[in-house]
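Engineer: Starting off with a structure, shown below.
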Amino acid sequence: MTDHAEAAPPDGRSLASYIYNPKFRGLFFQVLTLAITLFVGWWIFDNTTENLARSNTASGYQFLNGRAGFDIGQSLIPYTSDSTYGRAIFVGFLNTLLVASVGIVTATVIGFIIGLGRLSRNWLIAKLCTVYVEVFRNIPVLLVIFFFYKGVLGALPQVRDSLELPFSMFLNNRGLAFPKPVWGDGAILVPIALLLAVIAALAVAQWAKARQAATGRQFRTARTAFALLIGLPILGFLIAGMPLTFDYPVAGRFNLTGGSVVAPEFVALYLALSFYTASFIAETIRAGIKGVPKGQTEAASALGLQPSNTTRLVVVPQALRIIIPPLTSQYLNLTKNSSLGIAIGFPELVATGGTTMNQTGQAIEVVSIWLAVYLSISIATSLFMNWFNAKMALVER
Amino acid sequence: MKKTLLSATIGAAVLGLGSAASAATLDDVKAKGFVQCVVNTGLAGFSAPDASGNWTGFDVDYCRALAAAIFNDPSKVKFTPTTAQTRFTALQSGEGDVMFRNTTWTINRDTALGLNFRTVNYYDGQGFMVPKSLDVSSALELSGAAVCVQSGTTTELNLADYFKANNLEYNPVVFEKLPEVNAAYQEGRCDVYTTDQSGLYSIRLSLSNPDEHIVLPEIISKEPLGPAVRQGDDQWFDIVSWTHFALVQAEEFGITQANVDEMKNSENPEIRRLLGVEADSKIGTDLGLDNDWAYNIIKHVGNYGEVFERNIGMSTPLKIERGLNALWTKGGLQYAMPIR
Amino acid sequence: MTSITTGFVRTDLLPPQPAPRENASILGWVRANLLATPKDALLTVLAVALLLWTVPGMLNWLFFDAVWTGADRTACLTGAQGGVQPNGWTGACWAFVGERFEQFMFGRYPIDERWRPMLVAALFSLLLIPILIPKVPYKGWNALALFVVFPILAFFILHGGFFVFQEVETPLWGGLMVTLILSFVGIAVSLPVGILLALGRRSQMPVIRTLCVVFIEVIRGVPLITVLFMANVMLPLFLPTGWTIDNFLRALIGVALFASAYMAEVVRGGLQAIPKGQYEGADSLGLSYWQKTRLIIMPQALKLVIPGIVNTFIGLFKDTSLVSIIGMFDLLGIVQLNFTDINWITPVTPSTGLIFAGFVFWLFCFGMSRYSAFMERHLDTGHK
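Chains L, D and Z, in that order, are what the protein sequence lines are.
So in my numbering, the last spot in the first sequence is 545, and the numbers never skip.
So in my numbering, the last spot in the second sequence is 353, and the numbers never skip.
So in my numbering, the last spot in the third sequence is 409, and the numbers never skip.
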């Protein structure tokens, strides 16, 4: 931008001087753009209100309190057809979060394995990983989802030939049915114990770090924390008198009734998103690791670090700096792609919102909810990742 | 923002703007020279384009009948295929002039959505289809079943109501599009398939083993399917409604595509009135059409029975019986208001 | 001083010896690349086991047991299902793909008129190939022809409604044709719009910058499917009564908006990579903002981001498959539609169709990514 003001002509205030004054021109264009934007915005608003008035469609968010009237196959919270539209959308939102969070974890794990595999000295492993990446990266995610859905449905037995697994679990093409834990009185002790364990573990870690800084002696923090996290809740559970019963799935006339079910739609969407996104994450990881200068590895060996420690303490922390920004966008992509669950009938946000939109005709309101939710997720993830990135960034002394 | 304007401009430049469609739809239609008809993207027997792009089906024939009534030319019609979501906006925004898209007439749609319904060209009801191997004979035995259903339809709501009212449990498996519901049912993802009964017959046919599935006798809802127009244009509403009545009345009088010319010489004053051969008849002109509007409909499209048989009747793969859609004289519900 | 008596000095070089056997032979290669350490050996064994477990079955299903010819579904059904195959058979039903191939390409475009999309495809290749080869001159004119003249011409040829061209409405368009049109128009629109947005985002005018940032971030923050739903359901509500927008155009608008936001970020990356000296140099020459942008900045920035542009295009190409969710029949949509075709419904039809669609998408995307890698190498002129 030519921002520096040019020397004003002697007369100073002629019309031409305004036209050629960059500041004035900048202002003029901004006002013009703002005016056009406002006009278009007003025009759209005006048309929309007129269209809505003509079609007698009520606007506003009151419809969210109305009775939904439709059922949802999979819900994390209690939901019936008597619940409100608002709750239906919320059920979808929770399902989106669920599939996105487990998908992100799995995709990261697979991505790491594949990414490291491509860098492997083992020719066969490297080639296999390359094939994996090139196949998944170049197919639309929607197709991957369909493949997995077909695959999951096709591979699993019909409900009458359910696979019986240990612990009263059953696997068939209606999903994985497992006993539903029903907590009795006093069960509140368990989460309290867990909370205490987390606090204790953090305290131990703090203390161990201080001691190592002071004396150089290491403490087995990980094992202690693990023992605390497992042990305390079990202790609480025992003290409360084991207040846990199970609701076992039983074969009914059509289906297994009772218990909890993980639907195949969820599994298919989860696996498809994980495997698809993993191919992108693998490339990110590979680029990150290759981005660490070779001298770092050599210096680490010169210091006598073992290869595993070299990777853990030298290569990965540096690679992470390169990896985190693109990794963030892959996480966001996965979250956004979970909206494709609609294609295979997984009741996530877009699916339950779409049904609501159809039943109520409140297109604008529902779309605005979608936009708000996805934007919030994006912004929250970006903020978190920026914070994490700043924490990991090179601190120059 | 910038681009919305851009898109609007492109839209205007490339496709031409429909002129204001609010007041006199008939004048618009006559001016542009064709009827713009909102139909389904593809439902065998009702509206679907064949491999070479010709639209056929029961609803499509209604569009053609309307074109015949207005232009004496059943080909002067264009189709706007819509999904369940876009159908109402398509009509509301003036994208189409009339909707023949197996749409259930409900009070909500008649009032809150700004549409008008008056006639029912197909009486349908929601039913269930199950594999024979399940050995189910009544919908009341379906407690605990997994039910495949298409989302965003009255079907989904009726299903919830029915199971709730009868205190049955079920597990809904909901899909966005019909082909996906079919595939899921076929794969055994669910025990029961529910949709309008006419749809069930056509879907059963598209399964790889139709004989292994039965449609249960229960009908759990009333699904009167009829044409809809925008509110606020009574003349156009009349034309659409009376096109249907003319088709039904023609069947009642036994006027067919083949004998309509002979029938013009009929002595029966009612037939003569319908076909517009009474000298002083003003029926057509009062509608805003020619006096031989009904003659044109029958000449080009046939009567209601012919339309039914040609597209969805016993001679077609769908093999749907007339049932409720028989004439009132034959125990059905199809009843034309008097044309006089 | 002691004189050194030279004992023996070789006057010619030793003949090269063959490499040690363990390095030169195939065995040596295997040892170095597959069995270097016990861990590697274990991994190799596992990988080979995986391959043995999956590949033969896959090959059998895809090729050896597949049905290649047949008139209808009986060819791909087993005896028990009423077909000609032995019971227990399963394999790909390529006969289905062969029979429906034209539909997969053109959708329900009238059969007699299908020379028109072919003509457009020929024109497209004619214009595209020279632009892809770095050595061919007249890139500017070529791009103008491809991105401005060609789309308009193609629209009139495909849509018709005049002269010898009978009108073919967009609801009848389908198949690969629609996939290609959507992605091509998406890229042709998103490139200029994306450049403007990127410039706007780096502008020093707060109003313009804010508008561009909001647009880019909102679109990038939401899934494409919601943008498509928006274009499909809400666009008609935004327009005055009686203005109508064709369904196809709506999807096109949705896709183009979406691509523009992503393109803007790619271009911004390029803009940021241009050293400040280039801006200052241009300023010192007295160039105006647009002259500077057009003559100095953009040529360098765009060259830097060609791989990014191709990658955006690959993403866009894959994403067009989502229009099948809003009821359009792109390649994936039309393939799925045929799963319910009474003539071809069999248990293996869906898998076959999906694999075919996947392969077509893969072919295009893989080709493009190879081209992108090639351009990256070609353009790597030390601009780091």
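All C-beta atoms in this analysis are idealised placements derived from N, C-alpha and C, irrespective of residue type, glycine included.
Keep in mind the model is a prediction, meaning the values are calculated, not measured.
#1: Using a Cβ-Cβ cutoff of 8 Å, what residues of the segment 95–106 of chain Z are near chain D? List them in chain order.
#2: Evaluate Ser-229 (chain L) with the Cβ neighbour count: other Cβ atoms within 10 Å of its Cβ, from every protein chain shown; 16 or more gives buried, anything less gives exposed.
#3: Taking only beta-carbon positions, decide if Phe-218 (chain L) is within less than 8 Å of chain D.
#4: At what residues does the alpha helix (DSSP H) containing Asp-354 (chain D) begin and finish?
#5: If we call anything under 8 Å between Cβ atoms a contact, is Val-143 (chain D) one with Asp-74 (chain D)?
#6: Assuming Trp-331 (chain L) is part of the beta strand (DSSP E), what are its boundary residues?
#7: Examine chain Z for any beta-carbon lying closer than 8 Å to the beta-carbon of Tyr-522 (chain L), and answer yes or no.
#8: Output, in chain order, the set of chain L residues within a Cβ distance shorter than 8 Å of Arg-286 (chain D).
#9: Does the beta carbon of Pro-157 (chain L) sit closer than 8 Å to a beta carbon anywhere in chain Z?
#10: With burial defined as no fewer than 16 other Cβ atoms inside 10 Å of the residue's Cβ, what is the status of Thr-251 (chain Z): buried or exposed?
#11: Return the chain-ordered list of same chain residues with a C-beta closer than 6 Å to the C-beta of Asp-246 (chain D), the five sequence neighbours on each side being excluded.
#12: Using CA atoms only, rank isn't needed, just tell me which of D:Glu-189, D:Ala-152, D:Val-187, D:Glu-193 is closest to Lys-177 (chain D).
#13: Exposed or buried, what is Asp-309 (chain L) when buried is set at 16 or more other beta-carbons lying within 10 Å of its beta-carbon?
#14: Would the beta-carbon of Ile-413 (chain Z) fall within 8 Å of that of Ile-490 (chain L)?
#15: Could you tell me the distance, in whole angstroms, from the CA atom of Trp-331 (chain L) to the CA atom of Val-247 (chain L)?
#16: Using the DSSP secondary-structure output, state which residues sit across from Thr-94 (chain Z) in a beta bridge.
#17: Does Arg-202 (chain D) come within less than 8 Å of chain L when only Cβ atoms are used?
#18: Going by the CB atoms, is the gap between Arg-133 (chain Z) and Pro-62 (chain D) shorter than 8 Å?
#19: Going by beta carbon distance, what residues of the same chain come within less than 7 Å of Leu-260 (chain D), once the five residues before and after it are set aside?
#20: Between Ser-35 (chain D) and chain Z, is any beta-carbon pair separated by less than 8 Å?
#21: Helix, strand or coil for Leu-453 (chain L)? Go by DSSP, reduced to three states.
#22: Could you give the DSSP three-state label for Leu-60 (chain Z): helix, strand or coil?
#23: At the level of alpha carbons, what is the spacing between Phe-361 (chain D) and Lys-343 (chain D)?
#24: Spatial neighbours of Ala-120 (chain Z) within its chain, please: CB distance less than 7 Å, with the 5 preceding and 5 following residues excluded, ordered by chain position.
#25: Tell me the rounded alpha-carbon separation between Arg-434 (chain L) and Leu-264 (chain L).
#26: May I ask you to check if the CB of Lys-317 (chain Z) is nearer than 7 Å to at least one heavy atom of the ligand FMN?
#27: I want to see whether chain D comes within less than 8 Å of Pro-155 (chain Z), judged by CB atoms only; does it?
#28: Scan the segment 88–99 of chain D for residues whose Cβ lies nearer than 7 Å to a Cβ of chain Z and list them as they occur along the chain.
#29: Do Ile-359 (chain Z) and Gly-200 (chain Z) have their beta-carbon atoms positioned less than 8 Å apart in this structure?
#30: Can you find the residues in the same chain that come closer than 8 Å, C-beta to C-beta, to Pro-412 (chain L), ignoring five residues on each side of it along the sequence?
#31: Should Ile-472 (chain L) be flagged as near chain Z, meaning a C-beta pair shorter than 8 Å?
#32: Can you name the start and end residues of the beta strand (DSSP E) that Thr-393 (chain L) belongs to?
#33: Under three-state DSSP, which class holds Phe-139 (chain Z)?
#34: When the Cα atoms are used, what is the spatial distance from Gln-4 (chain Z) to Met-230 (chain Z)?
#35: Would Gln-191 (chain Z) and Glu-138 (chain Z) be called neighbours here (beta carbons separated by less than 8 Å)?
#36: Let's test the definition: count the other Cβ atoms within 10 Å of the Cβ of Ala-34 (chain D) and tell me whether it reaches 16, buried, or not, exposed.
Structural biologist: So, from the listed chains and residues:
#1: Arg-98, Leu-102, Gln-106
#2: Your numbering for residue 229 (chain L) matches position 81 in the first sequence. When all chains shown are included, Ser-229 (chain L) counts as buried.
#3: As a first step, residue 218 (chain L) must be located in the first sequence, where it is residue number 70. Output row for Phe-218 (chain L): interface = yes.
#4: This structure cannot settle anything about residue 354 (chain D), because the visible part of chain D is limited to 14 through 353.
#5: Walking along the second sequence from the start, residue 143 (chain D) turns up at place 130. Walking along the second sequence from the start, residue 74 (chain D) turns up at place 61. No, these two residues do not count as a Cβ contact at 8 Å.
#6: Sequence index remark: in the first sequence, residue 331 (chain L) carries index 183 (1-based). Element bounds for Trp-331 (chain L): 328–331.
#7: For the purposes of this step, residue 522 (chain L) is identified with residue 374 of the first sequence, where counting begins at 1. Closer than 8 Å: yes.
#8: Counting from 1 along the second sequence, the entry for residue 286 (chain D) is found at position 273. Chain L residues near Arg-286 (chain D): none, gap ~37 Å exceeds 8 Å.
#9: If you number the first sequence from 1, residue 157 (chain L) lands on position 9. Low confidence applies to Pro-157 (chain L): its pLDDT is 48, below 50, so where it sits in the model is not reliable, and the reading given next is rough at best. For Pro-157 (chain L), the answer is no, since every Cβ of chain Z falls outside 8 Å of its Cβ.
#10: By one-based count along the third sequence, residue 251 (chain Z) stands at place 226. When all chains shown are included, Thr-251 (chain Z) counts as buried.
#11: Along the second sequence, one-based indexing puts residue 246 (chain D) at 233. Result list for Asp-246 (chain D): Thr-38, in chain order.
#12: Taking the second sequence and counting its residues from 1, the one referred to as residue 177 (chain D) is at position 164. Ranking the options by Cα distance to Lys-177 (chain D), first place goes to D:Ala-152.
#13: If you number the first sequence from 1, residue 309 (chain L) lands on position 161. With a threshold of 16 other beta carbon atoms within 10 Å, Asp-309 (chain L) falls short and is exposed.
#14: Here chain Z comprises residues numbered 26 to 409, so residue 413 (chain Z) is not present and cannot be evaluated.
#15: For the purposes of this step, residue 331 (chain L) is identified with residue 183 of the first sequence, where counting begins at 1. For the purposes of this step, residue 247 (chain L) is identified with residue 99 of the first sequence, where counting begins at 1. Roughly 25 Å between the two C-alpha positions.
#16: For the purposes of this step, residue 94 (chain Z) is identified with residue 69 of the third sequence, where counting begins at 1. DSSP output for Thr-94 (chain Z) lists no bridge partner at all.
#17: As a first step, residue 202 (chain D) is located in the second sequence; it is residue number 189 there, counting from the start. Closer than 8 Å: yes.
#18: To locate residue 62 (chain D), count along the second sequence from 1; it is residue 49. To locate residue 133 (chain Z), count along the third sequence from 1; it is residue 108. Against a cut-off of 8 Å, the Cβ pair of Arg-133 (chain Z) and Pro-62 (chain D) comes out as a contact.
#19: What you label residue 260 (chain D) is simply residue 247 of the second sequence in a count that begins at 1. If we look at Leu-260 (chain D) and ignore the five residues flanking it on each side, its Cβ neighbours are Ala-78, Ile-310, Asn-316, Tyr-317, Val-320.
#20: To locate residue 35 (chain D), count along the second sequence from 1; it is residue 22. Residue placement at Ser-35 (chain D) is poorly supported in this model, since its pLDDT is 47, which falls under 50; the coordinates are not used for a value here.
#21: On the first sequence, residue 453 (chain L) is found 305 positions in, with the first residue counted as 1. Leu-453 (chain L): coil per DSSP, three-state reduction.
#22: Here residue 60 (chain Z) corresponds to residue number 35 of the third sequence, with the count starting at 1. DSSP places Leu-60 (chain Z) in coil when its eight states are reduced to three.
#23: The requested residue 361 (chain D) is not part of the displayed model; chain D covers only 14 to 353.
#24: For the purposes of this step, residue 120 (chain Z) is taken as residue 95 along the third sequence, with counting starting at 1. Only Val-92, Trp-93, Thr-94, Gly-95, Ala-100, Cys-101 meet the Cβ criterion.
#25: Translated into positions along the first sequence, residue 434 (chain L) becomes position 286. Translated into positions along the first sequence, residue 264 (chain L) becomes position 116. Straight-line measurement puts the Cα of Leu-264 (chain L) at about 7 Å from the Cα of Arg-434 (chain L).
#26: What this structure holds is no ligand at all, so the ligand FMN is not there to describe.
#27: Here the question's residue 155 (chain Z) lines up with position 130 in the third sequence. False, the Cβ-Cβ gap to chain D never drops below 8 Å.
#28: Lys-91, Phe-92, Pro-94, Thr-96, Gln-98, Thr-99
#29: Mapped onto the third sequence, residue 200 (chain Z) falls at position 175. Mapped onto the third sequence, residue 359 (chain Z) falls at position 334. Yes, they are a contact pair.
#30: Numbered from its first residue, the first sequence carries residue 412 (chain L) at position 264. Taken in chain order, the residues that qualify are Tyr-297, Val-300, Leu-301, Leu-304, Asn-321, Arg-322, Gly-323.
#31: Counting from 1 along the first sequence, the entry for residue 472 (chain L) is found at position 324. Cβ-Cβ to chain Z under 8 Å: no for Ile-472 (chain L).
#32: Sequence index remark: in the first sequence, residue 393 (chain L) carries index 245 (1-based). DSSP places Thr-393 (chain L) in the uninterrupted beta strand (DSSP E) bounded by 392–395.
#33: In the third sequence, counting from the first residue as 1, residue 139 (chain Z) sits at position 114. Here the sequence assigns Arg to residue 139 (chain Z), which means Phe is not the residue at that position. Note: Arg-139 (chain Z) maps to coil in three-state DSSP.
#34: Beyond the ends of chain Z as shown, which are 26 and 409, falls residue 4 (chain Z); an answer cannot be given.
#35: Residue 191 (chain Z) sits at position 166 when you count from the first residue of the third sequence. Residue 138 (chain Z) sits at position 113 when you count from the first residue of the third sequence. Yes; because the gap between Cβ atoms is below 8 Å, this pair is in contact.
#36: Numbered from 1 along the second sequence, position 21 holds the residue referred to as residue 34 (chain D). Legend: pLDDT at Ala-34 (chain D) = 41, less than 50; position of this residue unreliable, value from coordinates given subsequently. Answer is buried; the Cβ neighbour count reaches 16.
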